[in-house]
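Novice:
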Amino acid sequence: MGKVVLVTGVAHRLGALFAGRIAEQPGVDRVVGVDAGPPPAALPSAVQYAQVDLRRPAIARVIAEHDVDTVVHLHVTALGHGGRALVKENNVIGTMQLLGACQKAPGVRRLVVKSTTAVYGSAPRDPAVFGERMQPKALPVGGFARDAAEVEGYVRGFARRRPDVAVTVLRFANILGPHGDTPLTAYFRLPLLPTALGHDPRLQFVHEDDALEVLRLAALDAPTGTYNVAGDGVLLLSQCARRLGRPTVPLLRPALGLVGRLARQLTAPADRAFSQEQLQLLTHGRVVDTALLRDTFGFTPRWTTPEAFADFAAHVPPGPLPPTRLTAVTDRLTGLLTDHRPTEPEELRPR
Amino acid sequence: MTAAREPADPAANVIPIESAPSWSGPEPRPALADRLADGVGAALSGQLGATATRLFGKGWEQRAADGLGFLRRRLTGDYEVDDFGFDRELTEEVFLALLRPLAEKYFRVEVRGAEHIPADGGVLIVANHSGTIPLDALMTQVAVHDHADRHLRMLAADLVFVLPVVNELARKAGHTLACNEDAQTLLERGEVVGVWPEGFKGIGKPFADRYKLQRFGRGGFVASALRAGVPIVPCSIVGAEETYPMIGNFRTLARLLGLPYVPITPTFPWLGPFGAIPLPTKWTIQFGEPIPTDSYPKDAAEDPMLVFNLADQVRETIQHTLYKLLVQRRSVFG
Numbered sequence: 121m122g123k124v125v126l127v128t129g130v131a132h133r134l135g136a137l138f139a140g141r142i143a144e145q146p147g148v149d150r151v152v153g154v155d156a157g158p159p160p161a162a163l164p165s166a167v168q169y170a171q172v173d174l175r176r177p178a179i180a181r182v183i184a185e186h187d188v189d190t191v192v193h194l195h196v197t198a199l200g201h202g203g204r205a206l207v208k209e210n211n212v213i214g215t216m217q218l219l220g221a222c223q224k225a226p227g228v229r230r231l232v233v234k235s236t237t238a239v240y241g242s243a244p245r246d247p248a249v250f251g252e253r254m255q256p257k258a259l260p261v262g263g264f265a266r267d268a269a270e271v272e273g274y275v276r277g278f279a280r281r282r283p284d285v286a287v288t289v290l291r292f293a294n295i296l297g298p299h300g301d302t303p304l305t306a307y308f309r310l311p312l313l314p315t316a317l318g319h320d321p322r323l324q325f326v327h328e329d330d331a332l333e334v335l336r337l338a339a340l341d342a343p344t345g346t347y348n349v350a351g352d353g354v355l356l357l358s359q360c361a362r363r364l365g366r367p368t369v370p371l372l373r374p375a376l377g378l379v380g381r382l383a384r385q386l387t388a389p390a391d392r393a394f395s396q397e398q399l400q401l402l403t404h405g406r407v408v409d410t411a412l413l414r415d416t417f418g419f420t421p422r423w424t425t426p427e428a429f430a431d432f433a434a435h436v437p438p439g440p441l442p443p444t445r446l447t448a449v450t451d452r453l454t455g456l457l458t459d460h461r462p463t464e465p466e467e468l469r470p471r
Numbered sequence: 003m004t005a006a007r008e009p010a011d012p013a014a015n016v017i018p019i020e021s022a023p024s025w026s027g028p029e030p031r032p033a034l035a036d037r038l039a040d041g042v043g044a045a046l047s048g049q050l051g052a053t054a055t056r057l058f059g060k061g062w063e064q065r066a067a068d069g070l071g072f073l074r075r076r077l078t079g080d081y082e083v084d085d086f087g088f089d090r091e092l093t094e095e096v097f098l099a100l101l102r103p104l105a106e107k108y109f110r111v112e113v114r115g116a117e118h119i120p121a122d123g124g125v126l127i128v129a130n131h132s133g134t135i136p137l138d139a140l141m142t143q144v145a146v147h148d149h150a151d152r153h154l155r156m157l158a159a160d161l162v163f164v165l166p167v168v169n170e171l172a173r174k175a176g177h178t179l180a181c182n183e184d185a186q187t188l189l190e191r192g193e194v195v196g197v198w199p200e201g202f203k204g205i206g207k208p209f210a211d212r213y214k215l216q217r218f219g220r221g222g223f224v225a226s227a228l229r230a231g232v233p234i235v236p237c238s239i240v241g242a243e244e245t246y247p248m249i250g251n252f253r254t255l256a257r258l259l260g261l262p263y264v265p266i267t268p269t270f271p272w273l274g275p276f277g278a279i280p281l282p283t284k285w286t287i288q289f290g291e292p293i294p295t296d297s298y299p300k301d302a303a304e305d306p307m308l309v310f311n312l313a314d315q316v317r318e319t320i321q322h323t324l325y326k327l328l329v330q331r332r333s334v335f336g
């Protein structure tokens, strides 16, 4: 008998894509997608949809009804409708309900939880490169990062109570793809990028394809544990802005905070581009070590951070200063300088 | 000077004009690049080209083309930084180029024992700290690059990473926070790591205590070197103490600003901004013989006695070398 996989958060892009991908796997009999709203249009037909609000105990019934053995919890997200309070409730209460249901379901053998590298926070006094075992000096103050830290805490508790369940926590760096919809992509789509004056944060990205692949491996039979997932390499925010052709507007850090507070009063997507923890990220940056993912988990991301960013950049409208226009100027001048030399023979030069 | 600053193969630096996408693409109206290029082209083929050759010497076109190539990479973000934010190109072309005249012409730094820095593999350079402003660290970075052809990755105080602008420059120049995790990661990656274990106690000590080594922190640097199994190179710097002779300290102001000290020197703050000009002392940077750490057992880093003893050994070596160099020194400004 094959696996029965329950995927939460299928209303989001990553959830829908993952549910479709895992449904095609040999050895997977059935995939049940769960979310609160009506069936999302993007959900492949191979996935059965169950409309369940994760905050209600009804999820236990779904797990029992389908005899689920693998739970992939992707409904830990910075996005959502209905404001921050509802998102937090979905993330934290939703996880508690789901874990409670799993604990009571003897058939569950494997649990995969999507987390974020934001659990390490972003602070100037932290090490430059975070390993999975490092504890940040200051826990995230609020927002999605705090949710994820709390979710991870509940998952650890669950793993203690059900040692027979294989638990994998994946801490993803910012996921980018051609059609990504995250707070960071909302920021990068702005025509001008407000930045913190005197700071050039290091950023790390993971491509959507790699994220899906890691989730697929984790849902099937990969080693358990907690892993950082990020593409190789690092991009500075200034590099990102230049590659997008978007001018930066450096603001003093308090002024940037004010811009953020104003922007949060606006409508989407501007409101989510400047969440508190994103401003921290855009000030101090964050880089994680992925040696454990490579060596223990056994997966090497196919997209590096710059490649993942290039794929994203190719699918957003160019900014006011596209790199191609700048290179046209410098290349033309360079061409002139190097062409100019052979046209003027040595003996014609004035002595 | 060094291999890094030699112009590379000229052919390699020429950016082919075909690589500009908007150039080959359909562009109906004359772009800014066209108009600019036409103007410059006309000027270069005329008198201006000849004048430029006279002024800047032969091969100025190539140098200008190299400069444009650099500008192109910077403007389009087409350069690499490592996990710690180290921007090799910017460091070599800009930071070190700006610091080099200060090292060679102003402080006339004499570098000795650069052969003790291995050509590859991890090594921990431990040096004495002095001079109110960490100029000694920057000069050591220039020395390590120009005399050993390696990049020094310094471990800096957390204050550096809290300050705006400073933190950005420090990261791009290859420095990171002085913590065990970062030190060990860098050493294991085979980098040259520099540490000034006296910290603020050393750099902010009064002039009367010059060349007296302060306490070496908790010896964390020794533990990092032991774990990574890399040698420790003691480094003694003479001359930095007298750049800003600190004769007093605005304690209250320092506490208000959250700084470790606000120095009073014979010229600062009396001469205003001119007081911030360092005295043109003559410097000597002496790298000592490497102290190997790979012969110790695997868990040696967990043995506090051993760690303290090694730290003391490094400290004594630096102190003795300092005294020796001071005896040899003819004058502070020699």
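Keeping their order, the protein sequence lines are chains A and B. To get the working numbering, take the position in the first sequence, counting from 1, and add 120. To get the working numbering, take the position in the second sequence, counting from 1, and add 2. Note that the Cβ used here is the ideal one computed from N, Cα and C, for glycine as well.
Roughly how many whole angstroms lie between the Cα atoms of Glu112 of chain B and Ile287 of chain B?
Specialist: On the second sequence, residue 112 of chain B is found 110 positions in, with the first residue counted as 1. On the second sequence, residue 287 of chain B is found 285 positions in, with the first residue counted as 1. The alpha-carbon atoms of Glu112 of chain B and Ile287 of chain B are separated by roughly 6 Å.
Novice: Can you tell me the Cα-Cα spacing of Arg414 of chain A and Pro103 of chain B, whole angstroms?
Specialist: Here residue 414 of chain A corresponds to residue number 294 of the first sequence, with the count starting at 1. Here residue 103 of chain B corresponds to residue number 101 of the second sequence, with the count starting at 1. If you take the alpha carbons of Arg414 of chain A and Pro103 of chain B, they lie about 45 Å apart.
Novice: Should Arg220 of chain B be flagged as near chain A, meaning a C-beta pair shorter than 8 Å?
Specialist: Along the second sequence, read from residue 1 onward, the residue named residue 220 of chain B stands at position 218. Closer than 8 Å: no.
Novice: Roughly how many whole angstroms lie between the Cα atoms of Gly135 of chain A and Gly345 of chain A?
Specialist: Here residue 135 of chain A refers to the residue found at position 15 of the first sequence. Here residue 345 of chain A refers to the residue found at position 225 of the first sequence. So the two alpha carbons sit approximately 21 Å from each other.
Novice: Taking the DSSP output, what are the residues bridged to Val125 of chain B?
Specialist: In the second sequence, residue 125 of chain B corresponds to position 123, counting from 1. Partner(s): B:Val194.
Novice: Quick check on the burial criterion: 16 or more other C-beta atoms within 10 angstroms. Buried or exposed for Trp272 of chain B?
Specialist: Reading the second sequence from its first residue, position 270 is the one you call residue 272 of chain B. Counting Cβ neighbours within 10 Å, Trp272 of chain B comes out exposed, since fewer than 16 surround it.
Novice: Assign Tyr325 of chain B to buried or exposed, taking buried as 16 or more other Cβ atoms, counted over all protein chains shown, within 10 Å of its Cβ.
Specialist: Sequence index remark: in the second sequence, residue 325 of chain B carries index 323 (1-based). With fewer than 16 other Cβ atoms within 10 Å, it is exposed.
Novice: How many Å lie between Leu110 of chain A and Leu332 of chain A at the Cα?
Specialist: Only positions 121 to 471 of chain A appear in the structure, and residue 110 of chain A is not among them; the question remains open.
Novice: Cβ closer than 7 Å: which chain A residues qualify as neighbours of Thr178 of chain B?
Specialist: Locating residue 178 of chain B in the second sequence gives position 176, counting from the first residue. What Thr178 of chain B touches in chain A: Ala248.
Novice: Pick helix, strand or coil for Lys123 of chain A, following the three-state DSSP scheme.
Specialist: For the purposes of this step, residue 123 of chain A is identified with residue 3 of the first sequence, where counting begins at 1. In this structure, Lys123 of chain A counts as strand in the three-state DSSP scheme.
Novice: With which residues is Lys257 of chain A paired in a DSSP beta bridge?
Specialist: Within the first sequence, the letter at position 137 stands for residue 257 of chain A. DSSP, once it has assigned bridges, lists no residue as partnering Lys257 of chain A.
Novice: Can you have a look at Asp151 of chain B and say buried or exposed, based on whether 16 or more other CB atoms are within 10 angstroms of its CB?
Specialist: Your numbering for residue 151 of chain B matches position 149 in the second sequence. Counting Cβ neighbours within 10 Å, Asp151 of chain B comes out exposed, since fewer than 16 surround it.
Novice: Assuming Phe292 of chain A and Thr425 of chain A make a contact with CB atoms under 8 Å, what is their CB distance in whole Å?
Specialist: Numbered from 1 along the first sequence, position 172 holds the residue referred to as residue 292 of chain A. Numbered from 1 along the first sequence, position 305 holds the residue referred to as residue 425 of chain A. Their Cβ separation, rounded to whole angstroms, is 13 Å, which puts Phe292 of chain A and Thr425 of chain A out of contact at 8 Å.
Novice: Is the segment 425-439 of chain A touching the segment 299-310 of chain A, taking contact as three or more C-beta pairs under 8 Å?
Specialist: The answer is yes - the segment 299-310 of chain A touches the segment 425-439 of chain A, with three or more Cβ pairs under 8 Å.
Novice: At the level of alpha carbons, what is the spacing between Leu126 of chain B and Ile234 of chain B?
Specialist: Taking the second sequence and counting its residues from 1, one reaches residue 126 of chain B at position 124. Taking the second sequence and counting its residues from 1, one reaches residue 234 of chain B at position 232. Near 5 Å, if we compare the C-alpha coordinates of Ile234 of chain B and Leu126 of chain B.
Novice: Assign Asp314 of chain B to buried or exposed, taking buried as 16 or more other Cβ atoms, counted over all protein chains shown, within 10 Å of its Cβ.
Specialist: Residue 314 of chain B sits at position 312 when you count from the first residue of the second sequence. Label assigned to Asp314 of chain B: exposed.
Novice: Roughly how far, in whole angstroms, is the beta-carbon of Ala67 of chain B from the beta-carbon of Leu457 of chain A, given that I think they are within contact range, below 8 Å?
Specialist: Translated into positions along the second sequence, residue 67 of chain B becomes position 65. Translated into positions along the first sequence, residue 457 of chain A becomes position 337. So it is a contact: roughly 5 Å between Cβ atoms.
Novice: Cα-Cα, which of A:Arg422, A:Ala225, A:Leu364 and A:Leu376 is closest to Thr444 of chain A?
Specialist: In the first sequence, counting from the first residue as 1, residue 444 of chain A sits at position 324. If we check each option's Cα against that of Thr444 of chain A, A:Leu364 comes out closest.
Novice: Per DSSP, Ser235 of chain A forms a beta bridge with which residues?
Specialist: Here residue 235 of chain A refers to the residue found at position 115 of the first sequence. Paired residues: A:Arg291.
Novice: Can Leu231 of chain A and Val285 of chain A be called in contact, C-beta distance under 8 Å?
Specialist: The sequence position of residue 231 of chain A within the first sequence is 111, counting from 1. The sequence position of residue 285 of chain A within the first sequence is 165, counting from 1. Result yes, Cβ atoms of Leu231 of chain A and Val285 of chain A sit closer than 8 Å.
Novice: Determine which residues share a DSSP beta bridge with Ala248 of chain A and list them.
Specialist: Start at 1 with the first residue of the first sequence, and residue 248 of chain A comes out as number 128. The partner list for Ala248 of chain A (beta bridge, DSSP) is empty, contrary to what the question assumes.
Novice: With a floor of 4 residues, list each alpha helix (DSSP H) that falls wholly inside the segment 242-305 of chain B, ordered by position along the chain.
Specialist: Segments of the alpha helix (DSSP H) lying fully in the segment 242-305 of chain B: 253-259.
Novice: In angstroms with no decimal places, state the Cα-to-Cα distance between Lys174 of chain B and Cys181 of chain B.
Specialist: Within the second sequence, numbered from 1, the residue matching residue 174 of chain B stands at position 172. Within the second sequence, numbered from 1, the residue matching residue 181 of chain B stands at position 179. The alpha-carbon atoms of Lys174 of chain B and Cys181 of chain B are separated by roughly 18 Å.
Novice: Let me see if you follow: with CB-CB separation under 8 Å, is Val436 of chain A close to chain B or not?
Specialist: Taking the first sequence and counting its residues from 1, the one referred to as residue 436 of chain A is at position 316. So no, Val436 of chain A is outside the interface.
Novice: Quick check on DSSP: helix, strand or coil for Thr410 of chain A?
Specialist: For this step, residue 410 of chain A is matched to residue 290 along the first sequence. Thr410 of chain A: coil per DSSP, three-state reduction.
Novice: For Ser333 of chain B, count neighbouring C-beta atoms within 10 Å of its own C-beta (all shown protein chains included) and say buried if the count is 16 or more, exposed if not.
Specialist: What you label residue 333 of chain B is simply residue 331 of the second sequence in a count that begins at 1. It is exposed - the Cβ of Ser333 of chain B has fewer than 16 other Cβ atoms within 10 Å.
Novice: Rounding to the nearest angstrom, what Cα-Cα distance links Phe97 of chain B and Leu163 of chain A in this structure?
Specialist: What you label residue 97 of chain B is simply residue 95 of the second sequence in a count that begins at 1. What you label residue 163 of chain A is simply residue 43 of the first sequence in a count that begins at 1. For Phe97 of chain B and Leu163 of chain A, the distance between alpha carbons rounds to 53 Å.
Novice: Would a C-beta distance cut-off of 8 Å place Thr1 of chain B and Ser238 of chain B closer than the cut-off?
Specialist: Nothing about residue 1 of chain B can be reported from this structure: the residues present for chain B run from 3 to 336 only.
Novice: Quick check: the Cα distance between Gln143 of chain B and Pro236 of chain B, rounded to an integer number of angstroms?
Specialist: The residue given as residue 143 of chain B occupies position 141 in the second sequence. The residue given as residue 236 of chain B occupies position 234 in the second sequence. Between Gln143 of chain B and Pro236 of chain B, the C-alpha separation is close to 15 Å.
Novice: Quick one: using the 10 Å Cβ neighbour count with 16 as the cut-off for buried, is Ser21 of chain B buried or exposed?
Specialist: Mapped onto the second sequence, residue 21 of chain B falls at position 19. Confidence at Ser21 of chain B is low in this model, with a pLDDT of 40, below 50, so the placement of that residue should be treated as unreliable; the coordinate-derived value is given next. Exposed, because fewer than 16 other Cβ atoms sit within 10 Å of the Cβ of Ser21 of chain B.
Novice: Under the three-state reduction of DSSP, which class applies to Val96 of chain B: helix, strand or coil?
Specialist: For the purposes of this step, residue 96 of chain B is taken as residue 94 along the second sequence, with counting starting at 1. DSSP places Val96 of chain B in helix when its eight states are reduced to three.
Novice: Report the residue ranges of all beta strand (DSSP E) runs contained in full by the segment 273-358 of chain A; include only those spanning at least 3 residues, in chain order.
Specialist: Here the runs fully enclosed are 286-292, 294-296, 313-316, 325-327 and 345-349.
Novice: What does Val83 of chain B reach in chain A if we use C-beta pairs closer than 8 Å?
Specialist: On the second sequence, residue 83 of chain B is found 81 positions in, with the first residue counted as 1. By Cβ distance, chain A contributes Arg322, Val354, Leu355, Leu356 and Gln359.
Novice: Here's a check: name, in chain order, each residue in its chain whose Cβ is nearer than 8 Å to the Cβ of Asn169 of chain B, leaving out the five neighbours to either side.
Specialist: Stepping through the second sequence from its first residue, residue 169 of chain B is reached at position 167. If we look at Asn169 of chain B and ignore the five residues flanking it on each side, its Cβ neighbours are Val162 and Phe163.
Novice: Does DSSP put Gly41 of chain B in a helix, in a strand, or in coil?
Specialist: Position 39 of the second sequence holds residue 41 of chain B. Gly41 of chain B: helix per DSSP, three-state reduction.
Novice: Going along the chain, which residues of its own chain have a beta-carbon closer than 6 Å to the beta-carbon of Ala139 of chain A, five neighbours each way excluded?
Specialist: The residue labelled residue 139 of chain A in the question sits at position 19 within the first sequence. Taken in chain order, the residues that qualify are Val127, Val130, Val151, Gly153 and Val167.
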